[in-house]
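I have placed the structure first, in the form of structure tokens, so that the comments after it can refer back to it.
Numbering (my numbering), first residue to last: 755 to 1317.
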């Protein structure tokens, strides 16, 4: 019987609420999977009665898909019972089962293909070739190495990601330094100034800058572009870079308003060269103050008039002290008082003395062409006051009691007085007190003028703070330790003397003994027993003191006489 001859019941129910989605019929002879919600056992009994009206189960698409599993015995026990009831009540279901059974039986009737031995051999050879082509299994240690390498790669990637995130979300301190380089580089200069108002007030006093020397004028220019600033920082020595880092930390620790004032100050100093000169000169001047004076200045409010007044007061005190020092006379040079020549008169007087030297002395002066400044002037006066006799060989004995040749001679003295333009100095030279030779005043004027001109030369060649810092770095560790124990003012003076000794070893600051010898030649000592002085103490002459009493033997000695 053909199952197609029997009409099949409707697969889909009329009620949408009880509709079961159809499942595809398995075409193979294996069991088809069945969802739990598609089994007939899970359908309510009331729904089954509504579908047929006579039976409790209906042979729908869900049961059709499970017929193969039913024949193979793979259904659960409740589903088996349910399908048995369906087969008993539904002829179409029984016909489908019978059709499947007959199809399975036909497989045994169909002819089976015969396989030759050649086909079997080829198949086995193909399988063996495929097995030979398979790569050998890697050893166990290879897997461990791969695992370690994988961990290393993961750690490297995570580290790079962390650096990238930190660089993206956390600002780079070097970039911050480049942006604030101008104010950070000059922070030490700006710290004592405070703000623009105080710097302008200093300019109004016309006391700063104190000198027109180019060495004190400029601040180091800071490039405006980021590339230029990177290059500027890269060329700095290591100590300067450490100082920049420290200045940046100090700047960041300041309050916001304080930082804003310093940035405004830096902008004005960068734009105006005059304010830059005043700023650097004021910074150098504060280093010459005593520690308590610097503390008093820092206590004053920035921009206040009292701070400017205090600065002017300290300037006046320093000027008076410098004037007293310049006019001062070393005690070893005697206690004679005289005016001093200014720079122009001093130069003219030295030239007059040099023109009147003998040819041999002029040749000696030319041999010392490396000497200049005050050292050259001292050499001119030394040659002028020397006797001109040879320093080696036999010398004729000088007559006893012959006085030293006077300096200057009348002709040279008149020439010196004629080139002096200062009326007060000429008047002082003409007021010769009774008993004092006129040449003594001229000699005193020359000695004091030499000393004063040497002080002026030191002032003109005074090193800058930067040069003193570089000199301090070049000193030995012991010399640095000795300098650090000194007060600030004495520390700077000691460094200046070292600088003068290195740059001008023939300068007046190192020719004290030469000046003393000149004083011995030019200025007569009071109370001398020979030469141009009076013997106020009425002492015996040298010859009288050298005379010895006649020798007496003990036999001729008077009674009571002892040796």
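All residues carry an ideal CB built from backbone N, CA and C; glycine is no exception. In this text, all values refer to a predicted model and were calculated from it rather than measured experimentally.
Would you grab the beta carbon distance between residue i and residue j for me? Rounded to a whole angstrom, and I think it's under 8 Å.
| i | j | result |
| --- | --- | --- |
| residue 1135 | residue 1272 | 6 Å |
| residue 1019 | residue 938 | Incorrect: roughly 13 Å between the Cβ atoms, too far for contact. |
| residue 996 | residue 932 | That belief does not hold up - the Cβ atoms of residue 996 and residue 932 are roughly 17 Å apart, past 8 Å. |
| residue 840 | residue 849 | At roughly 12 Å, the Cβ-Cβ gap does not stay under 8 Å, so residue 840 and residue 849 are not in contact. |
| residue 1005 | residue 994 | Incorrect: roughly 16 Å between the Cβ atoms, too far for contact. |
Can you list, in chain order, the residues of its chain with a C-beta nearer than 8 Å to that of residue i? Leave out the 5 residues immediately preceding and following it.
| i | result |
| --- | --- |
| residue 1178 | 1093 |
| residue 1248 | 1237, 1240 |
| residue 1001 | 938, 939, 941, 942 |
| residue 1064 | 1050, 1051, 1054 |
| residue 716 | There is simply no residue 716 to check, as the chain begins at 755 and stops at 1317 in what is shown. |
| residue 807 | Low per-residue confidence applies at residue 807: pLDDT is 40, beneath 50, and the placement is therefore not dependable, though the value from the model is reported in the following sentence. Cβ neighbours of residue 807 beyond the five flanking positions: none. |
| residue 986 | 935, 976, 977 |
| residue 1222 | 1246, 1249, 1250, 1253 |
| residue 1180 | 1171, 1174 |
| residue 1229 | 1237, 1252 |
| residue 1164 | none |
Answer with buried or exposed for residue i, where buried requires no fewer than 16 other C-beta atoms within 10 angstroms of its C-beta.
| i | result |
| --- | --- |
| residue 1047 | buried |
| residue 1114 | exposed |
| residue 829 | buried |
| residue 742 | This structure leaves residue 742 out entirely; the chain is present only between 755 and 1317. |
| residue 990 | exposed |
| residue 1284 | Because the pLDDT at residue 1284 is just 44, under 50, the model does not fix this residue reliably, and the point stays unresolved. |
| residue 876 | exposed |
| residue 1308 | With a pLDDT of 45 at residue 1308, under the threshold of 50, the modelled position of that residue is not reliable, and the figure given next carries that caveat. Result: exposed. |
| residue 1128 | buried |
| residue 906 | exposed |
| residue 902 | exposed |
| residue 715 | Outside the modelled stretch of the chain, which goes from 755 to 1317, sits residue 715, for which no answer is possible. |
| residue 1162 | buried |
| residue 792 | With a pLDDT of 44 at residue 792, under the threshold of 50, the modelled position of that residue is not reliable, and no figure is offered here. |
| residue 832 | exposed |
| residue 1045 | exposed |
| residue 873 | exposed |
| residue 1311 | Confidence is the limiting factor: at residue 1311 the pLDDT is only 47, short of 50, which leaves the residue's position unreliable and the question unanswerable from this model. |
| residue 1121 | exposed |
| residue 1201 | buried |
| residue 860 | exposed |
| residue 1258 | buried |
Return yes when the Cβ of residue j is within less than 8 Å of the Cβ of residue i, no when it is not.
| i | j | result |
| --- | --- | --- |
| residue 964 | residue 1039 | yes |
| residue 1138 | residue 1170 | no |
| residue 944 | residue 1016 | yes |
| residue 1183 | residue 1166 | no |
| residue 1100 | residue 1175 | no |
| residue 1131 | residue 1207 | yes |
| residue 1160 | residue 1210 | no |
| residue 1009 | residue 1023 | no |
| residue 1219 | residue 1041 | yes |
| residue 1254 | residue 1212 | yes |
| residue 1125 | residue 959 | no |
| residue 1205 | residue 1269 | yes |
| residue 1037 | residue 946 | yes |
| residue 1030 | residue 1111 | no |
| residue 957 | residue 1028 | yes |
Of all Cβ atoms in chain B, is any one closer than 8 Å to the Cβ of residue i?
| i | result |
| --- | --- |
| residue 1211 | Of the protein chains in the structure, only one exists, and it is not chain B. |
Return the chain-ordered list of same chain residues with a C-beta closer than 7 Å to the C-beta of residue i, the five sequence neighbours on each side being excluded.
| i | result |
| --- | --- |
| residue 1043 | 1068 |
| residue 870 | none |
| residue 980 | 932 |
Give me, in chain order, the residues of the same chain whose beta-carbon lies closer than 6 Å to that of residue i; leave out the 5 immediate sequence neighbours on both sides.
| i | result |
| --- | --- |
| residue 955 | 1062 |
| residue 858 | none |
| residue 1233 | none |
| residue 1060 | 1054 |
| residue 988 | none |
Say the cut is 7 Å; is the CB of residue i nearer than that to a heavy atom of the ligand MG?
| i | result |
| --- | --- |
| residue 1256 | Because no ligand of any kind appears in the structure shown, any question about the ligand MG cannot be addressed here. |
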